[in-house]
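Going by the numbering used here, 285 is the number at position 94 of the sequence shown; the sequence numbering is gapless.
Report on the following structure.
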Amino acid sequence: MGKDVIIACDFSGRDEVLAFLDKFTGRKPFVKIGMELFYAAGPDIVREIKARGHKIFLDLKLHDIPNTVKKSMAVLSKLDVDMTNLHAAGASAMMKAAIEGLTRPDGTRPILIAVTQLTSTSEEAMREELLIEKSMPETVMHYAKNAAASGLDGVVCSPLEAKVVHDSCGKDFVTVTPGIRFADSEVGDQVRVMTPAKAKEIGSDYIVVGRPVTAAEDPVAAYLRCVEEFVG
Ligand code: C5P
């Protein structure tokens, strides 16, 4: 898998995201479009950004019955995104149906990764509200293995977990890791953070970087700094 930096384009509308992307006149970054922008601007924003030459990670975290997920994934596949995701909690029938839906007639499909447990879920909430008695690391690794066994390509995880995910799911199982900060930048609301250089060392395949680039005084310079540190 090619290592790359993905910019989390957490903007609320079309004008904001396009004004941001206009700054990138050279190398076109791989971008992540999440629910906020997708629900605000619709599938056209995906087509428009794709037409500008960007690769797209469509972060919609699908979780529904297998048939619904299969049909929805077929729609996303036609948008020609490069990567998309779902909740591993939907279980293997849903994950396998998602792959069927995503696969194009020529056999190609976007990279499909799983969310294991959201980082906003505490072990206490897992135990008391979801009735999951196992520890967070055990649960996360079990979900990652289920995703691998269902044919998915990887998981979203903390860069701190990239090595253990590779050790148990294989070196080709993709790790997409948010929570990235430069050594000298604001941490914000992220708790467990890592620099692009350290994420590279630990073996992340893709880093997802939001505010250190989007809120930078010079976003292009910040992006190129990430690429320099992570890809080399
Ligand atoms: O601005 P920042 O670099 O913190 O943005 C990180 C991006 O990665 C956001 O879009 C956030 O929603 C996403 N993300 C995350 N942690 C996860 C999963 C996704 O920060 N566990």
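All residues carry an ideal CB built from backbone N, CA and C; glycine is no exception.
The residue among Asp-363, Asp-380, Ser-359 and Ala-413 with its C-alpha nearest the C-alpha of Gly-370 is Asp-380.
Between the ligand C5P and Ile-256, a heavy atom-to-CB distance of less than 8 Å is absent. Boundaries of the alpha helix (DSSP H) harbouring His-357: 353–360, taken from the DSSP string.
Non-local C-beta neighbours of Glu-324 in its own chain, meaning closer than 8 Å and more than five positions away in sequence, comprise Arg-318, ordered along the chain.
DSSP, read as helix, strand or coil, puts Leu-293 in helix. Taking the C-beta atoms as reference points, Arg-295 is found nearer than 9 Å to Ser-268. Take Val-260, set aside five residues on each side of it, and the residues of its chain with a beta-carbon closer than 6 Å to its own are Leu-253, Met-285, Ala-288 and Ala-289, in chain order. CA-to-CA, the gap between Ala-316 and Gln-308 works out to about 11 Å. For Asn-337, DSSP records no beta bridge to any residue. Taking the Cβ of Gly-370 as the reference point, at least one heavy atom of the ligand C5P falls within a distance shorter than 8 Å.
Considered as a whole, the stretch 366–419 harbours 397–400 as its complete beta strand (DSSP E) runs of no fewer than 3 residues, in chain order.
Counting C-beta atoms within 10 angstroms of its own C-beta, Asp-206 has fewer than 16 neighbours from the protein chains shown and is therefore classed as exposed. Between Asp-250 and Gly-281, the C-beta gap is not smaller than 9 Å, which leaves the two residues out of contact. Boundaries of the beta strand (DSSP E) harbouring Asp-195: 195–199, taken from the DSSP string. At least one heavy atom of the ligand C5P lies less than 8 Å from the C-beta of Leu-309.
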